[in-house]
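Take a look at the structure set out below.
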Amino acid sequence: MSTLIKQDILVELLANAGTGFEQVRVAGKEAFQAQGFPTNKSEEYKFTAITKKIEQRIQNFQLAGAFEVTAEQVKSNVFEGFEGDVLVFTNGHFQQALSSTVEGVEISPLSEKASTALGSIAKPEKDPFCALNQSSFDGGVFISVPKKAQIQKPILFLNFFKANAGQVIQPRVWIEAGDFAEVTFINHSVNLSDTSYFVNKVVEVKGGVNTQIRYYKLQNEGENAIEVSNIETDIQKDGRFTSVNISLSGEMVRNNLSINILGSNSEGNMYGLYLLDGKSHVDNHTNVDHTVPHSESNELYKGILAGSSRGVFNGKIFVRQDAQKTNAFQQNNNILLSEDAVVNTKPQLEIWADDVKCSHGCTTGQLDEEALFYLQARGIGKEQARGLLLYAVAGEVIEHITDESFRDYCIAQVQERLGSNF
Amino acid sequence: MSKDNQILEELTSKEYEHGWSVNYEADEAPVGLTEETIRWISAKKEEPQWLLDWRLKAFKTWEGMAEPKWANVHYPKIDLQALKYYSAPKQTNKPKSLDEVDPELLDIYKRLGINLNEQKKLQGIAVDAVLDSVSVATTFKGTLSKLGIVFCSFSEAVKEHPELVKKYLGSVVPMTDNYYAALNSAVFSDGSFCFIPKGVRCPMELSTYFRINAANTGQFERTLIVAEDESYVSYLEGCTAPQRDENQLHAAVVEIYAGAHAEVKYSTVQNWFPGDKEGKGGIYNFVTKRGICAGDFSKISWTQVETGSAVTWKYPSCILKGDNSIGEFYSVAVTNNYQQADTGTKMIHIGKNTKSRIVSKGISAGKSQNSYRGQVQVMKRATNARNFSQCDSLLMGDRCGAHTFPYIDINNPTAKVEHEATTSKIGEDQLFYCNQRGIATEDAVALIVNGYAKEVLNQLPMEFAVEAQKLLALTLEGSVG
Numbered sequence: 000m001s002t003l004i005k006q007d008i009l010v011e012l013l014a015n016a017g018t019g020f021e022q023v024r025v026a027g028k029e030a031f032q033a034q035g036f037p038t039n040k041s042e043e044y045k046f047t048a049i050t051k052k053i054e055q056r057i058q059n060f061q062l063a064g065a066f067e068v069t070a071e072q073v074k075s076n077v078f079e080g081f082e083g084d085v086l087v088f089t090n091g092h093f094q095q096a097l098s099s100t101v102e103g104v105e106i107s108p109l110s111e112k113a114s115t116a117l118g119s120i121a122k123p124e125k126d127p128f129c130a131l132n133q134s135s136f137d138g139g140v141f142i143s144v145p146k147k148a149q150i151q152k153p154i155l156f157l158n159f160f161k162a163n164a165g166q167v168i169q170p171r172v173w174i175e176a177g178d179f180a181e182v183t184f185i186n187h188s189v190n191l192s193d194t195s196y197f198v199n200k201v202v203e204v205k206g207g208v209n210t211q212i213r214y215y216k217l218q219n220e221g222e223n224a225i226e227v228s229n230i231e232t233d234i235q236k237d238g239r240f241t242s243v244n245i246s247l248s249g250e251m252v253r254n255n256l257s258i259n260i261l262g263s264n265s266e267g268n269m270y271g272l273y274l275l276d277g278k279s280h281v282d283n284h285t286n287v288d289h290t291v292p293h294s295e296s297n298e299l300y301k302g303i304l305a306g307s308s309r310g311v312f313n314g315k316i317f318v319r320q321d322a323q324k325t326n327a328f329q330q331n332n333n334i335l336l337s338e339d340a341v342v343n344t345k346p347q348l349e350i351w352a353d354d355v356k357c358s359h360g361c362t363t364g365q366l367d368e369e370a371l372f373y374l375q376a377r378g379i380g381k382e383q384a385r386g387l388l389l390y391a392v393a394g395e396v397i398e399h400i401t402d403e404s405f406r407d408y409c410i411a412q413v414q415e416r417l418g419s420n421f
Numbered sequence: 000m001s002k003d004n005q006i007l008e009e010l011t012s013k014e015y016e017h018g019w020s021v022n023y024e025a026d027e028a029p030v031g032l033t034e035e036t037i038r039w040i041s042a043k044k045e046e047p048q049w050l051l052d053w054r055l056k057a058f059k060t061w062e063g064m065a066e067p068k069w070a071n072v073h074y075p076k077i078d079l080q081a082l083k084y085y086s087a088p089k090q091t092n093k094p095k096s097l098d099e100v101d102p103e104l105l106d107i108y109k110r111l112g113i114n115l116n117e118q119k120k121l122q123g124i125a126v127d128a129v130l131d132s133v134s135v136a137t138t139f140k141g142t143l144s145k146l147g148i149v150f151c152s153f154s155e156a157v158k159e160h161p162e163l164v165k166k167y168l169g170s171v172v173p174m175t176d177n178y179y180a181a182l183n184s185a186v187f188s189d190g191s192f193c194f195i196p197k198g199v200r201c202p203m204e205l206s207t208y209f210r211i212n213a214a215n216t217g218q219f220e221r222t223l224i225v226a227e228d229e230s231y232v233s234y235l236e237g238c239t240a241p242q243r244d245e246n247q248l249h250a251a252v253v254e255i256y257a258g259a260h261a262e263v264k265y266s267t268v269q270n271w272f273p274g275d276k277e278g279k280g281g282i283y284n285f286v287t288k289r290g291i292c293a294g295d296f297s298k299i300s301w302t303q304v305e306t307g308s309a310v311t312w313k314y315p316s317c318i319l320k321g322d323n324s325i326g327e328f329y330s331v332a333v334t335n336n337y338q339q340a341d342t343g344t345k346m347i348h349i350g351k352n353t354k355s356r357i358v359s360k361g362i363s364a365g366k367s368q369n370s371y372r373g374q375v376q377v378m379k380r381a382t383n384a385r386n387f388s389q390c391d392s393l394l395m396g397d398r399c400g401a402h403t404f405p406y407i408d409i410n411n412p413t414a415k416v417e418h419e420a421t422t423s424k425i426g427e428d429q430l431f432y433c434n435q436r437g438i439a440t441e442d443a444v445a446l447i448v449n450g451y452a453k454e455v456l457n458q459l460p461m462e463f464a465v466e467a468q469k470l471l472a473l474t475l476e477g478s479v480g
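The listed protein sequences derive, respectively, from chains V and S. With the first letter of the first sequence counted as 1, position 382 gets the number 381 in numbering that gives the first Met the number 0; the numbers rise by one all the way through. With the first letter of the second sequence counted as 1, position 295 gets the number 294 in numbering that gives the first Met the number 0; the numbers rise by one all the way through.
If you want it as structure tokens, here you go:
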């Protein structure tokens, strides 16, 4: 990609980025300049020409800035029956007035927490977009769950996106959980924009000893959303991190999910579903790094692709030399429903320890004709039978969501999709 | 655990048995690579103008290319200007039969256990032996030519069958394909050529034996196999090299063309010098192998047993162009000490109802790194394509690595593609089970490793399977728990 853009975008973004974190931003800028925008030759972005997409769709490389939303808008976008707390963000800026306070959890705008070690978990050298965010993020939130706090109700991040002054949105989230804490987050975004926008988000999650953290994410922002999201977490001894990522639409979406296992007897779980049609393009890159003995990771990503959509999956499992007795499992299944749908998948294992059990499986195909026949033979119509079988595929991922109202919402969304377009 | 260490010790201390070299007078190209070198090689081989032009074009392409960096292997930069690009045993006259071949050369092959002697028909293998850069001898030529089969050295083919060579050379692996293929196209010295005419089933296994003898030379051979419609051939390839402290480069190109209903089976037992146990010396094996199933119902099957080379970079591939064509890849890659292997395959499904099967078994020991890198690509018009891939890794010792990089790119909804991979060591429970039944740990490991590799070894022709099994046993002698 032309170096011109690389220069321009940084200058423009830095011009109106938030203040504070000067050193962090300089490190981010340097890391970005060293990497530049990925080209189609970059191995990590081989199938996702995000730079080209940004070039085509984004004209105004300025940060979009905060805007007003009403309490009504907030209320209407919360899932039916949701009992947890809601944190409202507009273009990545925390709206304290509209948000609920969560008992026992410290939540404040990132700008008030200047000593936060941003970039210490999601390292800017690893990904150019992570570096770009670190150089020029805007707004952001700091969340600290104290030691032994058991937050039973989930915390919902309700993000409103609207491209107005500029088309680039760079949210930043820092979550830290003390030892023995337990907490669940749900990330849901609402698109209020008429034009294309580019969201470049970084979430860092710092776990303590024996923390249980769940992070659920639903992406359904429609045809004009271009999004790169970097979620990275460090897990300590006895800790557990579970991610469920459901992507239903987006012009081009790239999810980088990294789990660094730093303590033994810990567990990382990653579940993902991409149910796409039209021209949607969703790319999931996951990375689990087992660095210590006795840890486990489970991964299950499922794709259903229709229209001329494209699904990309790259799952990396690293088992370092010290990480003996690691169990790592990875599975990726894809169903292609139309002529023009494309799947690129690369399950990757890199193993340096010998006493491990690692496996991955990957399949791509169609619905099982025999299963379809079985249902038809019992008087279920073909369309309905197809919907039922496809729902069964999606359900295997959705069932990992523990919060009932969010799970029901996801089920409804998936069923609506399967009913109308498939 | 101490038992393991002891066995590991034994394993790592095993020396390379083909490590000797012979001093014979050789005809060598001057050191370095320029256009002059290429003209020199071409003149030496009395090549026609078109081939020289082709080489020069490849050289021009190569000059504009950069060395690939994506493979999961690490080695010091190779100084291509410090190599000699041609080395041939000096011969005054071209030998008409084996009796006239320099006895010293024949002795080399005898020490390798390669039988160039036509008397031993029992073995029934036609051998083309390539030493350093040139083909030394080809056996059973007469028998084969009665059937219309051409099996000879590449330079001979250029002289006697220029129309065939011209038609197929570079048709499967174009000179622009990659850095080492371009280099090979520019400087290739010799190799084997094999042509099976329509409807002929080759009655015996064809075999090429490669050996690098001279120091500081690169070996760049080229193999071209053409199987016309409804023909069948099984082809074997073996390689060894003397033990030297410096690294040597081997950059070969193999091209296979299969017409309608034709079947080609290509088996390799690669045992280049892997370097000593400190990781010093050894062959850099950067090879491009590709076959095209051009006709409908054709089949290409690659089987490889990789035990040698310091660094391997090799992806035997199939382009499944004809409808209902089949591609197969069976591989056992064993790495020990400081060896690094990045090997796998590419299956490109273009035709309808094409099928491919990949079975890759990696065994890493010592401080070696073993990677599987494969691609299964289903093109848009390849309806009902089917692929099954299995790549398993066995780790022996805690300082080695096993890596898997499978790329699966599907552009057609009717494709059925499955991939599975596992990585583990030999289970304590498996060993215990064997021990319980009176099988000593060492034998049990041998049994398990053998069983693990069996699926691939079974694909080898009889004569080779024996050698491969011996090699496996040798590389992992005493074997590990």
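By construction, the Cβ of each residue, glycine as well, lies at the ideal position given by its N, Cα and C atoms.
* To do: Please find out if some non-hydrogen atom of the ligand ATP comes closer than 7 Å to the beta-carbon of V/Ser308.
  => Among the ligands in the structure shown, none appear at all, so the ligand ATP cannot be discussed.
* To do: For the beta strand (DSSP E) holding V/Glu295, just list the boundary residues, first then last.
  => Your numbering for residue 295 of chain V matches position 296 in the first sequence. 294-304 is the extent of the beta strand (DSSP E) around V/Glu295.
* First and last residue of the alpha helix (DSSP H) that includes S/Trp39? -> Here residue 39 of chain S refers to the residue found at position 40 of the second sequence. Per DSSP, S/Trp39 belongs to the alpha helix (DSSP H) from 34-43.
* Asked: Under a CB-based cut-off of 8 Å, is V/Asp407 close to chain S?
  -> Taking the first residue of the first sequence as position 1, residue 407 of chain V is located at position 408. Under the Cβ criterion of 8 Å, V/Asp407 is not counted among the residues facing chain S.
* **Terminal residues of the alpha helix (DSSP H) in which V/Gln61 lies** => What you label residue 61 of chain V is simply residue 62 of the first sequence in a count that begins at 1. Per DSSP, V/Gln61 lies in no alpha helix (DSSP H) and is assigned neither H nor E.
* Asked: Does the beta carbon of V/Thr344 sit closer than 8 Å to a beta carbon anywhere in chain A?
  -> Note that chain A does not occur in the displayed structure, where the protein chains are V and S.
* Take every Cβ of the segment 298-306 of chain V, pair it with every Cβ of the segment 317-326 of chain V, and state whether three or more of those distances are shorter than 8 Å. => Verdict: no, contact absent.
* **Straight-line Cα distance separating V/Glu220 from V/Gly386** => Within the first sequence, the letter at position 387 stands for residue 386 of chain V. Within the first sequence, the letter at position 221 stands for residue 220 of chain V. Looking at the two C-alpha atoms, the distance is approximately 23 Å.
* Asked: Roughly how many angstroms separate the alpha carbons of V/Lys435 and V/Ser135, rounded to a whole number?
  -> Any property of residue 435 of chain V remains undetermined from this structure, which presents chain V solely from 0 to 421.
* Between V/His289, V/Gln347, V/Asn158, which lies nearest to V/Lys315 when the distance is taken from Cα to Cα? -> To locate residue 315 of chain V, count along the first sequence from 1; it is residue 316. It is V/Gln347 whose Cα lies nearest to the Cα of V/Lys315.
* Determine the closest residue to V/Ile185 out of V/Ala63, V/Asn223, V/Val202, with distance taken between C-alpha atoms. => To locate residue 185 of chain V, count along the first sequence from 1; it is residue 186. Of the listed residues, the one whose Cα sits closest to V/Ile185 is V/Val202.
* In or out: V/Pro123 buried (at least 16 other Cβ within 10 Å) or exposed? -> For the purposes of this step, residue 123 of chain V is taken as residue 124 along the first sequence, with counting starting at 1. The residue is buried, with at least 16 neighbouring Cβ atoms inside 10 Å.
* Have a look at S/Val286 and V/Met269 and give me their C-alpha separation to the nearest angstrom. => By 1-based counting over the second sequence, the position of residue 286 of chain S is 287. By 1-based counting over the first sequence, the position of residue 269 of chain V is 270. Each residue's Cα considered, the two are about 38 Å apart.
* Asked: Taking just the CA atoms, how far does V/Lys28 sit from V/Val287?
  -> Counted from its first residue, the first sequence places residue 287 of chain V at position 288. Counted from its first residue, the first sequence places residue 28 of chain V at position 29. Across the structure, V/Val287 and V/Lys28 are spaced so that their CA atoms are roughly 26 Å apart.
* Are the CB atoms of V/Glu102 and V/Gln61 nearer to each other than 8 Å? -> Here residue 102 of chain V is taken as the residue at index 103 of the first sequence, counted from 1. Here residue 61 of chain V is taken as the residue at index 62 of the first sequence, counted from 1. Going by C-beta atoms, V/Glu102 is not nearer than 8 Å to V/Gln61.
* With DSSP run on the structure shown, which of helix, strand or coil describes S/Val232? -> For the purposes of this step, residue 232 of chain S is taken as the residue at position 233 of the second sequence. DSSP places S/Val232 within a strand segment (E or B) once states are collapsed to three.
* Residues near V/Val396 by beta carbon distance below 6 Å, same chain, minus five either side -> Position 397 of the first sequence, counted from the first residue, corresponds to residue 396 of chain V. Counting only residues of its own chain and dropping the five nearest sequence neighbours on each side, V/Val396 has a CB closer than 6 Å to the CB of Tyr270, Leu272, Lys301.
* Apart from the five residues just before and just after V/Asn259, which ones in its own chain have a Cβ nearer than 6 Å to its Cβ? -> The sequence position of residue 259 of chain V within the first sequence is 260, counting from 1. Taking V/Asn259 as the centre and dropping the five residues before and after it, the same chain places the C-beta of Asp233, Asp288 closer than 6 Å to its C-beta, in chain order.
* Asked: Would a check of beta-carbon distances place S/Tyr406 closer than 8 Å to chain V?
  -> By 1-based counting over the second sequence, the position of residue 406 of chain S is 407. Taking 8 Å as the threshold, the shortest C-beta distance from S/Tyr406 to chain V falls below it.
* Asked: Are V/Thr194 and V/Asn158 close, meaning C-beta to C-beta below 8 Å?
  -> What you label residue 194 of chain V is simply residue 195 of the first sequence in a count that begins at 1. What you label residue 158 of chain V is simply residue 159 of the first sequence in a count that begins at 1. In this structure, V/Asn158 does not lie closer than 8 Å to V/Thr194 by Cβ.
* **Residue ranges of each beta strand (DSSP E) within the segment 327-375 of chain S, 3 or longer** => Within the segment 327-375 of chain S, the complete beta strand (DSSP E) segments at least 3 residues long are 339-342, 345-348, 354-363, listed from N- to C-terminus.
* **is_contact[S/Trp53, chain V] using C-beta, thresh 8 Å** => Numbered from 1 along the second sequence, position 54 holds the residue referred to as residue 53 of chain S. No, no contact with chain V.
* Do you know how far the Cα of V/Gln414 is from the Cα of V/Asn76? -> The residue given as residue 76 of chain V occupies position 77 in the first sequence. The residue given as residue 414 of chain V occupies position 415 in the first sequence. So the alpha carbons of these two residues sit roughly 19 Å apart.
* **Reduced DSSP secondary structure (H/G/I, E/B, other) of V/Ile8** => Counting from one through the first sequence, the residue named residue 8 of chain V turns up at place 9. In the three-state DSSP reduction, V/Ile8 falls in the helix class (H, G or I).
* Within 8 Å of chain S by C-beta, residues of the segment 347-367 of chain V in sequence order -> Within the segment 347-367 of chain V, the residues whose Cβ lies closer than 8 Å to some Cβ of chain S are Gln347, Leu348, Glu349, Ile350, Trp351, Ala352, Asp353, Asp354, Val355, Lys356, Cys357, Ser358, His359, Gly360, Cys361, Thr362, Thr363, Gly364, Gln365, listed in chain order.
* **Cβ of S/Gly123 within 8 Å of any chain V Cβ** => Reading the second sequence from its first residue, position 124 is the one you call residue 123 of chain S. With a pLDDT of only 46 at S/Gly123, under the threshold of 50, the placement of this residue in the model should not be trusted; the figure read from the coordinates follows. Not closer than 8 Å to any Cβ of chain V, the Cβ of S/Gly123 fails to qualify, so no.
* To do: Taking only the alpha-carbon atoms, compute the straight-line gap between V/Phe20 and V/Ala113 and give it to the nearest angstrom.
  => One-based indexing of the first sequence puts residue 20 of chain V at position 21. One-based indexing of the first sequence puts residue 113 of chain V at position 114. So the two alpha carbons sit approximately 6 Å from each other.
* To do: Kindly indicate if chain S contains any beta-carbon less than 8 Å away from that of V/Leu3.
  => Along the first sequence, one-based indexing puts residue 3 of chain V at 4. Note that V/Leu3 scores 40 on pLDDT, short of 50, meaning its location in the model is unreliable; the coordinates nonetheless yield the value given after this. Chain S contact via Cβ: absent.
* With a Cβ-Cβ cutoff of 8 Å, do V/Trp436 and S/Gly278 count as a contact? -> Nothing can be reported for residue 436 of chain V: it is not among the residues displayed for chain V, which extend from 0 to 421.
* Return no unless some Cβ of chain S is closer than 8 Å to the Cβ of V/Val341. => One-based indexing of the first sequence puts residue 341 of chain V at position 342. Nearest CB-CB separation between V/Val341 and chain S: below the 8 Å threshold.
* Which residues of chain S have a Cβ atom closer than 9 Å to the Cβ of V/Gln320, listed in chain order? -> Here residue 320 of chain V refers to the residue found at position 321 of the first sequence. Asp397, Arg398, Gly400, listed in chain order.
* **Opening and closing residue of the alpha helix (DSSP H) in which V/Trp351 lies** => Position 352 of the first sequence, counting from 1, holds the residue named residue 351 of chain V. No alpha helix (DSSP H) holds V/Trp351; DSSP gives it neither H nor E.
* **Residue-chain proximity (V/Ser279, chain S), Cβ-Cβ < 8 Å** => Start at 1 with the first residue of the first sequence, and residue 279 of chain V comes out as number 280. It does not: the Cβ of V/Ser279 has no partner Cβ on chain S nearer than 8 Å.
* Residue of V/Leu9, V/Lys51, V/Ala30 minimising C-alpha distance to V/Lys40 -> Residue mapping note: residue 40 of chain V aligns to position 41 of the first sequence, counting from 1. When only C-alpha atoms are compared, the closest one is V/Lys51.
* Asked: When the distance is taken between beta carbons, is S/Ala251 closer than 8 Å to S/Gly274?
  -> Along the second sequence, one-based indexing puts residue 274 of chain S at 275. Along the second sequence, one-based indexing puts residue 251 of chain S at 252. The Cβ-Cβ distance between S/Gly274 and S/Ala251 does not fall below 8 Å.
* Asked: What is the residue span of the beta strand (DSSP E) that S/Ile282 lies within?
  -> Here residue 282 of chain S refers to the residue found at position 283 when the second sequence is read from its first residue. Taken as a continuous stretch (DSSP letters only), the beta strand (DSSP E) holding S/Ile282 covers 281-292.
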